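The next block holds one structure in the form of structure tokens; read it before the comments.
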Amino acid sequence: MGNKLLLSVLAGEIGARLQGADVEVSGIAGVDEAGPGQVTFLSNPKYALKARETKASAIIVKEPIRGAGCAFLLTPDPYLAFARAVERFHPRVRLAPGVSAHASVHPTAVLGKEVHVGAFAVVAEGAVVGDRVTLYPGAYVGRGAVVGEDTVLHPRVTLYEGVRVGKRVLLHAGCVIGSDGFGFAPTPQGYRKIPQVGTVEIGDDVEIGANTTIDRAALGVTRVGTGTKLDNLIQVGHNVEIGRDTVIAAQVGISGSARIGDNVMIGGQTGLAGHLEVGDGVVLGAKSGVAVSLSAKENRTWSGVPAMPHRTWLKMVTLLPRLPELFRRVTRLEGGKSAEGEE
């Protein structure tokens, strides 16, 4: 927890305007848990009642809430201000520079300034690790791989041979970058493996969640664009290209050679077929099944299996529970009989 500071100082740091008493605060918590000396936030108006009941000293909010007995930190974007406040009270802890005696760094590997290499981490032949990189215990940087400055590899992150990772990238535990793509040639004797000789390139300011896997290209590059955020347990196939500032929730599967544009949002457990394009700005609802290319020009938000315009999907799911009764009515009107026991 950070040191105490006045709300007026915090307001300046997070881009907010103080309305109310300029008291000292020393931490941040959820609206239900926050107490005196702490700040909370509210980005959804439907929780206004909770804001009136909170014991926090201040609320980060877009507009004042009538009946709330605390100060307000007013800002057009409470969620962004909340993120800044969390960073203020819980700054990232940097591990001390140095190489553990239990780590393995190849003589031809290049380590930048102020690098931390934890116990049992491996930096292989010809790998390049930039300034202020942190390799937690058990991280693996393969032969010829490149890691940009200020990047963090959490425990058991694996970068295969030749992978390139940009600056300020955050790779969570167990994610695997550069494993072989799923490519096999069918023959009368069975499936013959197609060597996967491409690579993976991760842009700057990317975050990749725990146990996410990104396959190397068969030929060429599998690419994740600058600023993109991937949740846990995502599978990205070979030769996929993901644009800039795209966000993808957990358990999404993207088949080989698919192209995902910039500023795309993909809900959890969505599946995308290979060799298709999802245009810039498209939003895919959770559990969508995408079998053809989609564009925000024809419709921005898509849902369902197969993916269809979100409004169409809403109408369809509203009708689904009524289908058995509608079927019986149509059958009676046509003079027939519905199957026995049909529900």
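Residue numbers (the numbering used here): 54 to 396. Note that CB positions come from ideal geometry on N, CA and C, so glycine has one too. Model, not experiment: these values are computed from the prediction.
Residue nearest to residue i in terms of C-alpha spacing, selected from the options
i, options, result
"L347", "E378, G314, P117 and L379", "G314"
"G80", "V62, N56 and H207", "N56"
"R276", "Q288, V293 and R137", "V293"
"V253", "A270, T240, G321 and A82", "A270"
"A311", "G290, I319 and V114", "G290"
"G83", "L373, A121, G68 and I113", "I113"
"A138", "V336, L372, E214 and A111", "A111"
"K368", "A109, S356 and R105", "S356"
"V305", "V274, V343 and L272", "V343"
"G280", "L373, L376 and R221", "R221"
"G334", "P129, A349 and K340", "A349"
"V259", "T323, Y193, E202 and K246", "E202"
"P150", "A121, L188 and G122", "L188"
"L94", "I247, L133, Q242 and W366", "According to the sequence shown, residue 94 is Phe rather than Leu. The shortest Cα separation from F94 among I247, L133, Q242 and W366 belongs to L133."
"R105", "C123, K115, N97 and S96", "C123"
"T323", "V210, G309 and P359", "P359"
"V210", "L223, G197 and Y193", "Y193"
"P362", "L379, T240, S341 and Q288", "S341"
"R147", "V92, H207 and L386", "H207"
"L286", "G243, L224 and I247", "L224"
Residue i and residue j closer than 7 Å at C-beta
i, j, result
"V152", "V170", "yes"
"R70", "L127", "yes"
"D284", "S232", "no"
"F125", "Q72", "yes"
"V370", "R353", "no"
"E214", "G191", "no"
"H159", "A172", "no"
"V181", "V163", "yes"
"G273", "Q249", "no"
"L325", "I301", "no"
"P131", "K108", "no"
"L405", "D75", "Within the shown structure, residues of the chain are numbered from 54 to 396, placing residue 405 beyond reach of any answer."
"G309", "G327", "yes"
N- and C-terminal bounds of the beta strand (DSSP E) containing residue i
i, result
"K103", "Run containing K103: none in the beta strand (DSSP E); it sits in the alpha helix (DSSP H), A101 to E106."
"L71", "R70 to Q72"
"A238", "F237 to T240"
"I267", "T266 to D268"
"F94", "Q91 to F94"
"V253", "T252 to I255"
"Y244", "G243 to K246"
"S232", "V229 to S232"
"A111", "A111 to V114"
"T275", "V274 to V277"
Enclosing alpha helix (DSSP H) for residue i [first to last residue]
i, result
"E140", "P131 to F142"
"S356", "Unbroken run through S356 is the beta strand (DSSP E), T354 to S356; no alpha helix (DSSP H)."
"E378", "L376 to L386"
"T365", "H363 to L372"
"L127", "Here L127 belongs to no alpha helix (DSSP H); instead the beta strand (DSSP E) covers A124 to L127."
"V62", "L60 to I67"
Integer-rounded CB distance, given that residue j should sit under 8 Å from residue i
i, j, result
"V317", "V331", "6 Å"
"A303", "G321", "5 Å"
"G165", "G179", "So it is not a contact: roughly 15 Å between Cβ atoms."
"V199", "V218", "7 Å"
"V78", "G90", "6 Å"
"K103", "D85", "6 Å"
Original post:
Hey, is the stretch 228-240 in contact with the stretch 259-277, meaning 3+ C-beta pairs nearer than 8 Å?
Top reply: The stretch 228-240 is in contact with the stretch 259-277.
**OP:** Would you be able to state if there are at least three C-beta pairs under 8 Å between the stretch 293-308 and the stretch 240-254?
**Re:** no
**OP:** Determine contact between the stretch 63-70 and the stretch 135-152, defined as no fewer than three beta-carbon pairs at a distance below 8 Å.
**Re:** yes
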